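Below is one structure, written out as structure tokens; comments come after it.
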Amino acid sequence: MSNTEQTLSIIKPDAVERNLQDEIKKNFVENGFNIKDEKKIHISKNEAEEFYKVHQSKPFYPELCSYLSSGPIIVMILERQNAILENRKLMGATDPAKADEGTLRKKYGISIDKNSVHGSDSLDNAKKEIDFFFNS
Ligand code: CDP
Ligand code: MG
Numbered sequence: 000m001s002n003t004e005q006t007l008s009i010i011k012p013d014a015v016e017r018n019l020q021d022e023i024k025k026n027f028v029e030n031g032f033n034i035k036d037e038k039k040i041h042i043s044k045n046e047a048e049e050f051y052k053v054h055q056s057k058p059f060y061p062e063l064c065s066y067l068s069s070g071p072i073i074v075m076i077l078e079r080q081n082a083i084l085e086n087r088k089l090m091g092a093t094d095p096a097k098a099d100e101g102t103l104r105k106k107y108g109i110s111i112d113k114n115s116v117h118g119s120d121s122l123d124n125a126k127k128e129i130d131f132f133f134n135s
């Protein structure tokens, strides 16, 4: 009975700008994730607004959408057992200042907005987010 899942990961503009994508991908592979598909893209503000729609009532929404569309990003489908939870653990807390030692956001994040990586937070959202970037 395997529990293989897929989750959506994004290497955000701050990390791509610092050329950290290979190092971050190595973290995923070393932690048992299979990178099933990936692409480098530069999305529009409208696309970012659509992607982060769940946050539209939040005060940080406009800046969040400007930021995600501010430069190239790497979107990836990651696969492993319990991929969604395991990726959230590997990423660490949203605010790099509060993230545990060894997590991606602790290692690479600059600030709560420039926190280097995104990861789906549930099976349902993982399906929607993979669809958003890969099945359109
Ligand atoms: O990314 P994560 O699921 O950990 O956090 P979220 O609560 O779903 O928020 C989405 C993204 O909004 C975060 O990754 C941050 O980049 C950004 N954010 C922010 O800029 N300021 C906040 N106070 C909270 C989140
Ligand atoms: Mg989230």
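Numbering (numbering that gives the first Met the number 0), first residue to last: 0 to 135.
C-beta: ideal position from N, C-alpha, C; glycine also.
Keep in mind it's a predicted model, so treat the numbers as computed, not measured.
Between serine 68 and isoleucine 109, the gap from beta carbon to beta carbon reaches 8 Å or more.
By the C-beta criterion, the segment 33-42 is judged to be in contact with the segment 74-81, since at least 3 inter-stretch pairs fall below 8 Å.
Classified as buried, glutamate 85 has 16 or more neighbouring CB atoms from the shown chains inside 10 Å of its CB.
Glutamate 16: member of the alpha helix (DSSP H) spanning 12-16, first to last residue.
Just so you know, the alpha carbons of phenylalanine 32 and serine 65 end up roughly 29 Å apart. Annotated three-state conformation of aspartate 36 is strand, per DSSP.
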